[in-house]
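Asker:
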Amino acid sequence: MKPIEIEEIEIDLILDAMFKRHGYDFRDYARASLKRRLMHRVISENLSHISEMFPKIMRDEAFFKRLLLDLSITVTEMFRDAGFYQAFRETIVPKLRVFPFFKIWHAGCATGEEVYSMAILLHEEGLLKKAQIYATDFNSRALESAKEGLYAADNLALHEKNYSDAGGKTALKDYYRAMYQSFKIHDFLKEKITFADHNLATDGVFGEMHVILCRNVMIYFNQKLQTRVLTLFLNSLDHRGYLCLGKKESLFTTGVVDAFERVSREYSIYRKK
Amino acid sequence: MNSQQKTVVIGVSAGGMEALTVIVKSLPKDFAPAMIIVQHQKEDSDNFLVHYLNERSKIPVVEAEDKQKIGAGRIYIAPPGYHLLVEGDEQFSLSIDAKVSFARPSIDVLFESAADVYAENLIGIILTGANSDGARGLKKIKDAGGTVIVQDPETAHTKAMPLAALALTKADYILPLEKIGPLLYNISGGTKDSKGIT
Ligand SMILES: C[S@@+](CC[C@H](N)C(=O)[O-])C[C@H]1O[C@@H](n2cnc3c(N)ncnc32)[C@H](O)[C@@H]1O
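If you read the protein sequences in the order shown, they are chains A and B. Here our numbering is used: position 111 in the first sequence is 111, and no number is missing along the way. Here our numbering is used: position 121 in the second sequence is 121, and no number is missing along the way.
#1: What is the C-beta distance between B:V24 and B:S45, in whole angstroms, given that I count them as a contact (C-beta under 8 Å)?
#2: Tell me where the alpha helix (DSSP H) around A:M179 begins and ends.
#3: Just curious, the beta strand (DSSP E) that A:F183 is in, first and last residue?
#4: When you compare the CB positions of B:I125 and B:I77, do they come within less than 8 Å of one another, or not?
#5: Under 8 Å between the Cβ atoms of B:A72 and B:Q4?
#6: 8 Å is my cut-off, CB to CB: does B:E90 come that close to chain A?
#7: Kindly indicate which three-state DSSP category A:K95 falls into: helix, strand or coil?
#8: By DSSP, does A:H198 sit in helix, in strand, or in coil?
#9: Could you please give the first and the last residue of the uninterrupted alpha helix (DSSP H) stretch that includes A:F84?
#10: How would you list, in chain order, the residues of chain B whose beta-carbon sits under 7 Å from the beta-carbon of A:A32?
#11: So what's B:T155 in DSSP terms, helix, strand or just coil?
#12: Buried or exposed, going by whether 16 or more other CB atoms sit within 10 Å of the CB of A:F99?
#13: Are at least three pairs of beta-carbons, each pair with one atom in the region 119-126 of chain A and one in the region 223-232 of chain A, less than 8 Å apart?
#14: Within the continuous alpha helix (DSSP H) that includes A:A146, where are the two ends?
#15: Check whether the region 206-216 of chain A and the region 88-108 of chain A touch, using three or more Cβ-Cβ pairs below 8 Å as the test.
#16: Need the endpoints of the alpha helix (DSSP H) that A:R228 sits in, please.
#17: With 16 as the cutoff for other CB atoms within 10 Å, does A:N222 come out buried or exposed?
#18: So A:M78 packs on A:Y134, CB below 8 Å; how close in whole Å?
#19: At the level of alpha carbons, what is the spacing between A:F183 and B:V8?
#20: For A:S268, does the count of other Cβ atoms within 10 angstroms reach 16, so buried, or fall short, so exposed?
#21: Less than 8 Å between CB atoms is the rule here; does A:H229 satisfy it with respect to chain B?
#22: Can you give me the C-alpha to C-alpha distance between A:E266 and B:K69, rounded to a whole angstrom?
#23: Counting only beta-carbon atoms, is B:A103 nearer than 8 Å to chain A?
#24: Tell me the DSSP bridge mates of A:H106?
#25: How about A:G23: is its Cβ closer than 7 Å to a heavy atom in ligand 1?
#26: Any chance the CB of A:N139 is under 7 Å from a heavy atom of ligand 1?
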């Protein structure tokens, strides 16, 4: 057997073990990047093979937490893909205005930058008062930082640029308090946000949303899991609700393409038929 | 796709547009392998490179998409801001993991995942560039039995990347750009197999 075939078996067994022992299901994640992440943990722990992680997954809680963090890629930005927020203002905001009250779900919110960007946008459009925003992720550490809203100042220049490219109406600094090497999001932006633990691979419907954003999460899934999650979104969306995916994601390789119409090709915005 | 069918991966950075133009222009219409390219670009670049090369190529040039099936006789370019990986069922996956060797897309990430899938049927090529991305990936291709080609550093717009690759791996071919296209046509064997065209 070739080494690569042995590795494949090791990965299958490790993923089964993680699911049976801890309930986390990575079996339908896209294999190539999953393998990179697993190998990263193998090397960090000074091991040589994936199968050596097996006893640790069984008995070592601290190890499992580290592994879980490796398997959750939380790289994010405020107003990432600024053009998306422009498109959101133009196409979705006018529709939201007509509702007395509406609900938005950020699935895979990571450390929260995307959610606060949305809260700022809605505030500038005078809609934040009418909104209820749910922000979920399966990474509890990321959810903790999201609730804090406290970020390193390193990327601030990028966030500011994104904000103005996104059609921001004042200045990003109106929305945070600058601290030593970090900045903290103002509390009024948090009032309408509920953070919750939710695993897209195993948990169920989140009801009656007017808009769902799930950006740069499903690229980590295989087509089977993508279709499962999209079906979940379909069933969680209100009549004619909107689904916003990452800039380089589309529904065309999945089983639900017929249930949606495309609103923006460039920014992957869809609407339930 | 039969098991003899080759796949080509190319990594290139500074000076890449000119270099890729030379290679792509030299490929005939019936060039069989899928060719997958990582060119380092600014994160917010549009797909100018795809259009530019497509206009100069006899083979269709497209931007690689998540979960897209990799087809013969096509040239795929990694989208700016994402890593591009090859999955076991010959599909692409994108990822936005942290940068690798300061780059996203990273050449190493593409090459390492492609080496796992294509092994001895993979041809890896490193062209001009000012960093060392791709050196590790090229070594993995060689170790998996694939063929490796490095642009002759003396002929490169910027030679750091070819030199870094050569420092880690013994290349099968070290060539100026004009010779790479014709060599690929020769070693990749034959023309498009009709099953491979989609
Ligand atoms: C790259 S971040 C995307 C953040 C943000 N949406 C953006 O586009 O900037 C991906 C997030 O998806 C989360 N994720 C991955 N698999 C998940 C799952 N099965 N259920 C819930 N969240 C998941 C990760 O924990 C991570 O925080």
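Even for Gly, the Cβ is constructed at its ideal location relative to N, Cα and C. Note that the structure is predicted; figures quoted are calculated from it, not measured.
Answerer: Reading off the structure:
#1: Not a contact, Cβ separation roughly 18 Å.
#2: Run containing A:M179: none in the alpha helix (DSSP H); it sits in the beta strand (DSSP E), 176-179.
#3: That run of the beta strand (DSSP E) goes 182-185.
#4: Going by beta carbons, B:I125 and B:I77 fall outside the 8 Å limit.
#5: Result no, Cβ atoms of B:A72 and B:Q4 do not sit closer than 8 Å.
#6: So no, B:E90 is outside the interface.
#7: In the three-state scheme derived from DSSP, where H, G and I count as helix and E and B as strand, A:K95 is classed as helix.
#8: A:H198 sits in coil when the DSSP states are folded into three classes, being neither helix nor strand.
#9: Here the alpha helix (DSSP H) through A:F84 covers 82-87.
#10: Ordered by position in chain B, the residues that pass the 7 Å Cβ test against A:A32 are L85, V86, E87, S93, S113.
#11: Helix at B:T155.
#12: With fewer than 16 other Cβ atoms inside 10 Å of its own Cβ, A:F99 counts as exposed.
#13: Verdict: no, contact absent.
#14: Residues 140-148.
#15: Output reads yes: the region 88-108 of chain A touches the region 206-216 of chain A.
#16: Where A:R228 is concerned, the enclosing alpha helix (DSSP H) stretches over 223-236.
#17: Classification of A:N222: buried, given that the 10 Å Cβ count is 16 or more.
#18: About 19 Å separates the two Cβ atoms, so there is no contact after all.
#19: Looking at the two C-alpha atoms, the distance is approximately 46 Å.
#20: A residue is called buried once 16 or more other Cβ atoms fall within 10 Å of its Cβ, and A:S268 is buried on that count.
#21: The sequence shown places Val at residue 229 of chain A, rather than the His named in the question. Output row for A:V229: interface = no.
#22: Cα to Cα, the separation comes out at about 21 Å.
#23: Taking Cβ atoms only, chain A never reaches closer than 8 Å to B:A103, which makes this a no.
#24: In the DSSP output, where bridge partners are listed per residue, A:H106 has A:A135, A:L213.
#25: Proximity of the beta carbon of A:G23 to ligand 1 is not indicated: no heavy atom of the ligand is located closer than 7 Å.
#26: Under cutoff, so the answer is yes.
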